[in-house]
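2 protein chains.
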Amino acid sequence: MTHIVVLSGGLDSTSALAHTLTSKPPAEVAAVSFDYGQRHRRELDAAAAVAAYHGISHRVLDMTGLLSGSALLGASEVPEGHYAEDNMAATVVQGRNLLFAAAAIATARPGDSLVVGVHAGDHPIYADCRPGFWFHLNEVAAAYGVEVLAPFVELTKAQVIATGSGAGAPLSLTWSCYQGGELHCGRCGTCVERAEAFDLAGVVDPTTYQDSEFWRTAVAAGR
Amino acid sequence: MTHIVVLSGGLDSTSALAHTLTSKPPAEVAAVSFDYGQRHRRELDAAAAVAAYHGISHRVLDMTGLLSGSALLGASEVPEGHYAEDNMAATVVQGRNLLFAAAAIATARPGDSLVVGVHAGDHPIYADCRPGFWFHLNEVAAAYGVEVLAPFVELTKAQVIATGSGAGAPLSLTWSCYQGGELHCGRCGTCVERAEAFDLAGVVDPTTYQDSEFWRTAVAAGR
Chain A
0 MTHIVVLSGG LDSTSALAHT LTSKPPAEVA AVSFDYGQRH RRELDAAAAV AAYHGISHRV
60 LDMTGLLSGS ALLGASEVPE GHYAEDNMAA TVVQGRNLLF AAAAIATARP GDSLVVGVHA
120 GDHPIYADCR PGFWFHLNEV AAAYGVEVLA PFVELTKAQV IATGSGAGAP LSLTWSCYQG
180 GELHCGRCGT CVERAEAFDL AGVVDPTTYQ DSEFWRTAVA AGR
Chain B
0 MTHIVVLSGG LDSTSALAHT LTSKPPAEVA AVSFDYGQRH RRELDAAAAV AAYHGISHRV
60 LDMTGLLSGS ALLGASEVPE GHYAEDNMAA TVVQGRNLLF AAAAIATARP GDSLVVGVHA
120 GDHPIYADCR PGFWFHLNEV AAAYGVEVLA PFVELTKAQV IATGSGAGAP LSLTWSCYQG
180 GELHCGRCGT CVERAEAFDL AGVVDPTTYQ DSEFWRTAVA AGR
C-alpha cells in the first residue's frame, strides 16, 4: 500500500508530500514527476531534491510529445503580472492533470493511493484543479483499485504553505517560476503568486528573486 | 469539432469508427492509436489500414514505458480458451483505458468528442470498460471541453459486429489475436470471442484462423 505523491517540485506538491509523510512512514510514500518538455525544467531538479531530502523513491515519467500548445511548452510568452484568470490562460495545458494522474495510476497497484497538491487558488484558471474534476477522477481510478486524494483542494495557497511549513516541508528547495532561469524571476504569474502566498501565510519566504519588489506592485494592480 | 475515435484495429473500435462516420463526414473524424509495446503489434497495422480505407487522419501515440505487467506486454503467456473472467485476468493492463483516453483528450480541442468502442462483453473482465467508468471519465473530460462517447457500452460483441457490419465497417481488415502472429491463431481468448461473436451476429466471418475449429470446442467448454 503506497501513497504515490505527484511531485512537481513546487510549493503545493512539496507541501502535500510533507503532509502525507506526517501520517505515513517514508517506505510507504513515493513521488512521481513528469517530464513533458516544460520550459521550467528546473522544477524537475527541485522535485528530485525534495524527494532526496525525505529519502523517498522518486520516478520521472517521460510524457514528452503527449502534451502541446501552452506557454509552458514554449508556444508563446509566459505572462507577467498577477496570477489572475485572463493573465494565466496561456499557461493552461490541455489534458495535463488528467494525463499525469493517468500515468501515475498506471504505475500503482490495487490498494495504492494517488495524492495531488491542487488547491483552491487554481480553480478559476485550471478546470482540472477543481473539486468535481478530482471527485470524478477518484471514481474512475476505482476501476484500478486506486484512491485519489486531493487534501488541499479547498485550501488557499497561503493555507497550503502554512500546512506544508508546519509539516516540515523543505520549501526552500521548491521551484515555482515558469521562466526556467537560474533564479526565480519574481515577475511571472507564479512568482508573484508565490511571494504573495508566503506573505499571506506569515511564513518567511526563503526564495531569492531576480526582481524581489515586483510582486507587491503586481498584487496591488491585480486587485 | 472533431470526433476522435480510439482505434485499436480490432472489431469494436473499427465498428465504432464506421458508426461515427454514418453521422459525420470523414473530415470531422480522426483516429488515434496507441503503441504501448503490445505483443500483438499487428493491430497497429490493422488500425492504419482501417483509417486508410476510410480516408481519415490517423495518429499513433507512443505510450511505451507507461504501462506494464500484463500478458499483453509479454509478462506471461497469453491464455487460450474461452474469453471468460478467470482465463483473461492475465490480460488486464493496469491503467490502460484511462491512460489511452487521457492521451487522446490531450490531443483534443474544446468542442471535440472522444469515441471509444467498449462493449458489455468486456465488463466482467475489465473494470475500465464498464458504464460507470466512462460516465465519470466524461465528467472529468468536461474540464477540457471534451465529450466522451461510448456508443456500444451496453451492446454485446455480436451486436457490435452487426452494427459495424451494417455501417460498412471493413471488418476483414481488423485484428483481434493477442498472439501477434501472421494469421489469427484461433485459440487465444480474443480469437475464440471473435469467431463466436461473428457466429452469434449472423455475419460471415472473413477471418483466416490457423486453427479454425478450436473456438467451437472452447465455447462449448466455457459455457
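For the record, the sequence lines run as chains A and B.
Using numbering that gives the first Met the number 0, you'd call the opening residue of the first sequence number 0 and step up by one each time.
Using numbering that gives the first Met the number 0, you'd call the opening residue of the second sequence number 0 and step up by one each time.
Just so you know, even glycine gets a beta-carbon here, dropped at the ideal spot from N, CA and C.
Start and end residues, alpha helix (DSSP H) containing residue i
{"i": "leucine 65 (chain A)", "result": "Looking at the DSSP string, leucine 65 (chain A) is not in any alpha helix (DSSP H), and its letter there is neither H nor E."}
{"i": "histidine 135 (chain B)", "result": "130 to 140"}
{"i": "isoleucine 160 (chain A)", "result": "156 to 165"}
{"i": "serine 12 (chain B)", "result": "10 to 20"}
{"i": "glycine 188 (chain B)", "result": "188 to 200"}
{"i": "tryptophan 214 (chain A)", "result": "213 to 221"}
{"i": "leucine 43 (chain A)", "result": "41 to 53"}
Minimum Cβ-Cβ distance from residue i to chain A less than 7 angstroms
{"i": "leucine 66 (chain B)", "result": "yes"}
{"i": "leucine 136 (chain B)", "result": "yes"}
{"i": "phenylalanine 151 (chain B)", "result": "no"}
{"i": "alanine 126 (chain B)", "result": "yes"}
{"i": "valine 5 (chain B)", "result": "no"}
{"i": "glycine 94 (chain B)", "result": "yes"}
{"i": "tyrosine 177 (chain B)", "result": "no"}
{"i": "alanine 29 (chain B)", "result": "no"}
{"i": "alanine 161 (chain B)", "result": "no"}
{"i": "alanine 142 (chain B)", "result": "yes"}
Opening and closing residue of the beta strand (DSSP E) in which residue i lies
{"i": "glutamate 146 (chain B)", "result": "146 to 148"}
{"i": "alanine 30 (chain A)", "result": "28 to 34"}
{"i": "leucine 255 (chain A)", "result": "Any question about residue 255 (chain A) goes unanswered here, given that chain A covers just 0 to 222."}
{"i": "leucine 113 (chain B)", "result": "112 to 114"}
{"i": "valine 4 (chain B)", "result": "2 to 5"}
Chain B contact residues for residue i, given Cβ-Cβ distances below 7 angstroms
{"i": "leucine 98 (chain A)", "result": "Ala101, Ala102, Ala105"}
{"i": "tyrosine 52 (chain A)", "result": "Within chain B, no residue comes near tyrosine 52 (chain A); the closest Cβ sits about 27 angstroms away, beyond 7 angstroms."}
Buried/exposed call for residue i, threshold 16 Cβ in 10 Å
{"i": "aspartate 11 (chain A)", "result": "buried"}
{"i": "valine 203 (chain A)", "result": "exposed"}
{"i": "alanine 103 (chain A)", "result": "buried"}
{"i": "glutamate 153 (chain A)", "result": "exposed"}
{"i": "aspartate 111 (chain A)", "result": "buried"}
{"i": "aspartate 127 (chain A)", "result": "buried"}
{"i": "glutamate 42 (chain A)", "result": "buried"}
{"i": "glutamate 212 (chain B)", "result": "exposed"}
{"i": "alanine 17 (chain B)", "result": "buried"}
{"i": "threonine 106 (chain B)", "result": "buried"}
{"i": "methionine 0 (chain A)", "result": "exposed"}
{"i": "serine 22 (chain B)", "result": "exposed"}
{"i": "threonine 63 (chain A)", "result": "exposed"}
{"i": "threonine 207 (chain A)", "result": "exposed"}
{"i": "serine 171 (chain A)", "result": "exposed"}
{"i": "arginine 95 (chain B)", "result": "buried"}
{"i": "glutamate 181 (chain A)", "result": "exposed"}
{"i": "aspartate 121 (chain B)", "result": "buried"}
Cross-chain neighbours of residue i in chain A, by beta carbon under 9 angstroms
{"i": "glycine 36 (chain B)", "result": "Those within 9 angstroms of glycine 36 (chain B) in chain A number zero; the least Cβ separation is about 13 angstroms."}
Proximity test, Cβ basis, 7 angstroms: residue i and chain B
{"i": "glycine 110 (chain A)", "result": "no"}
{"i": "phenylalanine 132 (chain A)", "result": "yes"}
{"i": "valine 139 (chain A)", "result": "yes"}
{"i": "alanine 119 (chain A)", "result": "no"}
{"i": "tyrosine 208 (chain A)", "result": "no"}
Where residue i meets chain B, residues with beta-carbon distance less than 8 angstroms
{"i": "glycine 116 (chain A)", "result": "The premise fails here: glycine 116 (chain A) is roughly 17 angstroms from chain B at the closest Cβ pair, so nothing lies under 8 angstroms."}
Partners in chain B for residue i, counting only beta-carbon separations shorter than 9 angstroms
{"i": "leucine 148 (chain A)", "result": "Residues of chain B passing the Cβ test: none, with the nearest at roughly 16 angstroms."}
Contact list for residue i against chain C, beta-carbon separation under 7 angstroms
{"i": "aspartate 61 (chain A)", "result": "No chain C is present in this structure, whose protein chains are A and B."}
Would you call the segment 209 to 221 of chain A and the segment 182 to 189 of chain A in contact, with 3 or more CB pairs under 8 angstroms?
-> Counting C-beta pairs with one atom in each stretch, the segment 209 to 221 of chain A and the segment 182 to 189 of chain A have three or more that are closer than 8 angstroms, which means they touch.
Taking contact to mean at least 3 C-beta pairs separated by less than 8 angstroms, is the segment 128 to 139 of chain A in contact with the segment 109 to 118 of chain A?
-> Between the segment 128 to 139 of chain A and the segment 109 to 118 of chain A there are three or more inter-stretch CB-CB distances shorter than 8 angstroms, so the stretches are counted as touching.
State whether the segment 20 to 35 of chain A contacts the segment 0 to 9 of chain A, with contact taken as three or more CB pairs (one from each stretch) at a distance under 8 angstroms.
-> With a cut-off of 8 angstroms, the segment 0 to 9 of chain A and the segment 20 to 35 of chain A count as touching, because enough Cβ pairs lie within range.
Inter-stretch contact (C-beta, 8 angstroms, three-pair minimum) for the segment 38 to 56 of chain A and the segment 192 to 199 of chain A = The segment 38 to 56 of chain A, when compared against the segment 192 to 199 of chain A, does not touch it at the 8 angstroms Cβ threshold.
Please confirm if the segment 134 to 146 of chain A is in contact with the segment 134 to 151 of chain B, defined as three or more CB-CB distances below 8 angstroms between the two stretches.
-> Yes: the two stretches touch, three or more of their Cβ pairs being nearer than 8 angstroms.
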